[in-house]
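Novice: Residue numbering for the sequence shown follows my numbering, starting at 134 and increasing by one per position.
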Amino acid sequence: MKKNINSQKGQLPLISVIIPTRNRYQDLAECLESLEKQAYPQNKIEAIVIDNGSTDGTPKLLAQKFPTVKLVSLPQNIGFAPALNLGGKISQGKYLLITNDDVVFDKNYIQELTKLLESNAQIGIAHGKMFFKNSAKVATPGFKLTPFLGYHPYPYHDLDTTCECDVATGGNMFIRKKLFDQLGGFDEDFFFCGEDYDFCFQAKRLGFKIFYHPKALCWHGFLQSGKPPGLNQDALFAHYKGKFRYMVKNATLLQILAFFPVQIVVGPFYSYFKFGHKTFLPIVKAFIWNLTHLRETLTARKKILKKIYDY
134 MKKNINSQKG QLPLISVIIP TRNRYQDLAE CLESLEKQAY PQNKIEAIVI DNGSTDGTPK
194 LLAQKFPTVK LVSLPQNIGF APALNLGGKI SQGKYLLITN DDVVFDKNYI QELTKLLESN
254 AQIGIAHGKM FFKNSAKVAT PGFKLTPFLG YHPYPYHDLD TTCECDVATG GNMFIRKKLF
314 DQLGGFDEDF FFCGEDYDFC FQAKRLGFKI FYHPKALCWH GFLQSGKPPG LNQDALFAHY
374 KGKFRYMVKN ATLLQILAFF PVQIVVGPFY SYFKFGHKTF LPIVKAFIWN LTHLRETLTA
434 RKKILKKIYD Y
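Structure below.
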């Protein structure tokens, strides 16, 4: 018989919500307000904000309006993945909700995903249905991955059915703390872009399942653009840098040999004529960056394989 989470409120697990932020107090406030409106008991939600060197007064405003939030103020931006790991180390919850500061959650979000993970110990990661903020358009459904195209996702057709998938994206990840600890958190060398795909890949190597749950709703601002980041050169560079590193770290030799010619030769033409994106320079920069950091990535590849097979 499945557990009835509503009938065991005294035994509900603690949920730690980890939110990196930088100079985005208004968005952060909306995110925290949505957490305060959760149907899940407030004394079972631990909000942890990692401030990556904000200069807009975020720490002071946060302390005034959200005094129960655990705040870690950093003097500079250490990156998204390192901030998540810092939050994970001080968290006390059985589950971690990894999110962005411009995400707003439906009141049943935490309750729905807690039910799902409590019902099956093999589920290590889950995520809900994410929409673009102020829109009815789904931004991140349950994703499959195409191994020969890196972390190039494509959605399942049925967006209203709970199902197993390949990846949960970083603004919408509900993780067992046990799994987080086993993997040692996120790979910090991704800095920004790719750490979520990499984490999910390693989780599946350990035998955990990843699930998409359409009843857990949330809305993502995507830096207020109304679309995923990727149209400016810096964002494109971060995207391809992470994507190339993900492949070198995780793919088979055959996948790598198929991947790079397609990405470097075909990719820029496809992106420009299909979407109008000018990706050639970011791709070249990302390729050069990965060449100069090849030794570090191969070391990370060996390290994670040793960790996986030691468990």
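Just so you know, even glycine gets a beta-carbon here, dropped at the ideal spot from N, CA and C.
1. Cβ of Gln225 within 7 angstroms of Cβ of Leu165?
2. Taking its Cβ as the centre, do 16 or more other Cβ atoms sit within 10 Å of Ser140, making it buried, or is it exposed?
3. Helix, strand or coil for Thr273? Go by DSSP, reduced to three states.
4. Name the residue from Ile389, Trp352, Tyr284 and Leu316 whose alpha carbon lies nearest to the alpha carbon of Cys326.
5. Classify Asn176: buried if its beta carbon has 16 or more other beta carbons within 10 angstroms, exposed otherwise.
6. How close, in whole Å, do the beta carbons of Asp239 and Leu350 come, if the pair is a contact with beta carbons under 8 angstroms?
7. Going by CA-CA distance only, name the one from Lys436, Gln159 and Phe377 that's closest to Pro415.
8. Measuring only the C-alpha atoms, how far is Leu250 from Phe406?
9. Can you tell me which of the three DSSP states Leu350 falls into?
10. Can you tell me whether Ser252 is buried or exposed, with buried defined as 16 or more other CB within 10 angstroms of its CB?
11. Looking at Tyr242: is its Cβ nearer than 7 angstroms to the Cβ of Gly261?
12. For Ile181, tell me which candidate among Thr425, Leu229 and Pro208 has the shortest Cα-Cα distance.
13. Alpha carbon to alpha carbon, how far is Leu424 from Leu431?
14. Tell me where the alpha helix (DSSP H) around Lys376 begins and ends.
15. The alpha helix (DSSP H) spanning Ile389 covers which residue range?
16. Buried or exposed: where does Lys136 fall if 16 or more other Cβ atoms within 10 Å of its Cβ makes it buried?
17. Short of 6 angstroms in beta carbon distance, which residues of its chain neighbour Thr412, apart from the five on each side in sequence? Order them along the chain.
18. Helix, strand or coil for Tyr284? Go by DSSP, reduced to three states.
19. If we ignore side chains and look at the alpha-carbon of each, how far apart do Leu312 and Ile258 end up?
20. Assuming Glu245 and His346 form a contact by the criterion Cβ under 8 angstroms, report the distance between their Cβ atoms to the nearest whole angstrom.
21. For Ile231, which residues in the same chain have their Cβ closer than 7 angstroms to its Cβ, ignoring the five residues on either side in sequence?
22. Residue range of the alpha helix (DSSP H) that Asn218 falls in?
23. Thinking C-alpha only, which one of Gln396, Asn383 and Ala384 is nearest His452?
Specialist: Inspection of the coordinates gives the following:
1. Contact flag unset, no.
2. Since pLDDT at Ser140 reaches only 44, below the 50 mark, its modelled position is unreliable, and no value is offered.
3. In the structure shown, Thr273 sits in a strand (DSSP, three-state: E or B).
4. It is Tyr284 whose Cα lies nearest to the Cα of Cys326.
5. Exposed, by the Cβ-count rule.
6. That belief holds up - the Cβ atoms of Asp239 and Leu350 are roughly 4 angstroms apart, short of 8 angstroms.
7. Selected option, being the one with the closest Cα: Phe377.
8. When rounded, the distance between both Cα atoms is 42 angstroms.
9. For Leu350, the three-state secondary structure derived from DSSP is strand.
10. Counting the other CB atoms within 10 Å of its CB gives Ser252 a total below 16, which places it among the exposed residues.
11. Yes, they are a contact pair.
12. In terms of CA proximity to Ile181, Leu229 leads the group Thr425, Leu229 and Pro208.
13. If you take the alpha carbons of Leu424 and Leu431, they lie about 11 angstroms apart.
14. Membership of Lys376 in the alpha helix (DSSP H) is indicated by the continuous run Gln366 to Asn383.
15. Looking at the DSSP string, the run of the alpha helix (DSSP H) that includes Ile389 is Leu386 to Pro394.
16. Model confidence at Lys136 stands at a pLDDT of 47, short of 50, so the residue's coordinates are unreliable and nothing is read from them.
17. Excluding residues within five positions, the ones whose Cβ falls inside 6 angstroms are Leu369, Pro401 and Ser404.
18. For Tyr284, the secondary structure class from DSSP, reduced to helix, strand or coil, is coil.
19. Just so you know, the alpha carbons of Leu312 and Ile258 end up roughly 9 angstroms apart.
20. Their Cβ separation, rounded to whole angstroms, is 6 angstroms, which keeps Glu245 and His346 in contact under 8 angstroms.
21. Cβ neighbours of Ile231 within its own chain (closer than 7 angstroms, five residues either side excluded): Ile151, Leu217, Gly303, Met306 and Ile308.
22. Bounds of the alpha helix (DSSP H) holding Asn218 are Phe213 to Ile223.
23. Nothing can be reported for residue 452, as the shown portion of the chain is limited to 134 through 444.
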